[in-house]
Amino acid sequence: MTNRSDSGSISNIFGAFFEAWLVRQEHFLDELLSAQQRINEARDEDLRDLVYRVLLHYQQYYDEKSRIAQRDVFLVFSPPWFTSFERSLLWIAGYKPGLAFRLLTESVPDLCDGQRVRMGRLMEETRVEERALNDKLAKIHESVAAPPLVDVARRYGRFANGEIVEEDVAIDELKSALESVLANSNFLRTTMATKLVDMLSSAQAVRFLAAVAQFQLKIRSLGLERDADEQRELNGGGGGKSPIGNW
Numbered sequence: 002m003t004n005r006s007d008s009g010s011i012s013n014i015f016g017a018f019f020e021a022w023l024v025r026q027e028h029f030l031d032e033l034l035s036a037q038q039r040i041n042e043a044r045d046e047d048l049r050d051l052v053y054r055v056l057l058h059y060q061q062y063y064d065e066k067s068r069i070a071q072r073d074v075f076l077v078f079s080p081p082w083f084t085s086f087e088r089s090l091l092w093i094a095g096y097k098p099g100l101a102f103r104l105l106t107e108s109v110p111d112l113c114d115g116q117r118v119r120m121g122r123l124m125e126e127t128r129v130e131e132r133a134l135n136d137k138l139a140k141i142h143e144s145v146a147a148p149p150l151v152d153v154a155r156r157y158g159r160f161a162n163g164e165i166v167e168e169d170v171a172i173d174e175l176k177s178a179l180e181s182v183l184a185n186s187n188f189l190r191t192t193m194a195t196k197l198v199d200m201l202s203s204a205q206a207v208r209f210l211a212a213v214a215q216f217q218l219k220i221r222s223l224g225l226e227r228d229a230d231e232q233r234e235l236n237g238g239g240g241g242k243s244p245i246g247n248w
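Per my numbering, the sequence shown starts with residue 2, numbered consecutively.
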């Protein structure tokens, strides 16, 4: 059972983790950009070590998000630690895996023919998995709107001191279904990213991971600017929103 107080505590815990994670993300971006500038002088093992540490950094994020989802999966699907702009871009509580291919082609134009063939196969595999997860999520949405689930929720859900008390088998099944879709989407993201990096040279992987970090931090920055502008407007301060620009 998760009430608003519990959700607030969970949100604060992950929010603090996420802010610290973003600080480390900025540090890794600095390392990646520095390595990119001296790519011809850098040792391959040093570049591979950096790539490994960056991938581990992302894995830590997904591990922590999985722990939070086990406590409150609904919170993860509408994460308050993200800005409104970031939330508008989410697909199953994260960025769509296919986005990585766009970032790769933009940041690593020197792919050889063999790499392009492998990337094309992986892209198609990823699209198939994305469609399958979309179908599963659509079925979950249909089950939520179906009269039996609504009736059961009304029968077993009750308000206590303004909080919704969850003691419904159907709600538990809904949580389980969402947790499964979330876990599968996170697995798709991490395995796809690992396969992409594995098909790249060390120098290419550095450029790709730098592009990913720059994209994520840019979206974060734009989201914070937009939220600040909206808050100023609500407070009567005026001021327009910053354009998205080329991101």
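Glycine included, every Cβ here is placed at the ideal spot set by N, Cα and C.
Coarse secondary structure for residue i, derived from DSSP in three states
i      : result
VAL77  : helix
ARG39  : coil
TRP248 : For TRP248, the predicted structure reports a pLDDT of 44, less than 50, and the residue's modelled location is therefore unreliable. A value from the coordinates is still provided. Coil, per DSSP.
PHE86  : helix
MET124 : helix
ALA21  : helix
LYS137 : helix
ALA178 : helix
ASP111 : coil
ILE93  : coil
MET200 : coil
Start-to-end residues for the alpha helix (DSSP H) that takes in residue i
i      : result
LEU100 : 100-108
ARG221 : 203-235
ALA70  : 45-72
Exposure label - residue i; buried when at least 16 CB within 10 Å
i      : result
GLU107 : exposed
GLY9   : exposed
VAL24  : exposed
THR84  : buried
PRO110 : exposed
ARG208 : buried
LEU235 : exposed
GLU231 : exposed
SER203 : buried
Neighbourhood of residue i by C-beta distance below 7 Å, restricted to the same chain and skipping five residues each side
i      : result
PRO149 : Confidence at PRO149 is low in this model, with a pLDDT of 48, below 50, so the placement of that residue should be treated as unreliable; the coordinate-derived value is given next. Here the set comprises nothing.
ARG128 : GLY99
Other residues of its chain near residue i: CB distance less than 6 Å, five sequence neighbours each side excluded
i      : result
PRO81  : SER12
ALA206 : VAL52 and VAL198
ASN187 : TYR63
PHE19  : TRP82
ILE141 : ALA178
GLU130 : LEU189
ALA94  : VAL77, PHE78 and LEU183
Other residues of its chain near residue i: CB distance less than 8 Å, five sequence neighbours each side excluded
i      : result
HIS58  : TRP22, ARG25, GLN26 and PHE29
ALA211 : LEU30, LEU33, LEU34, GLN37 and SER108
GLN61  : TRP22
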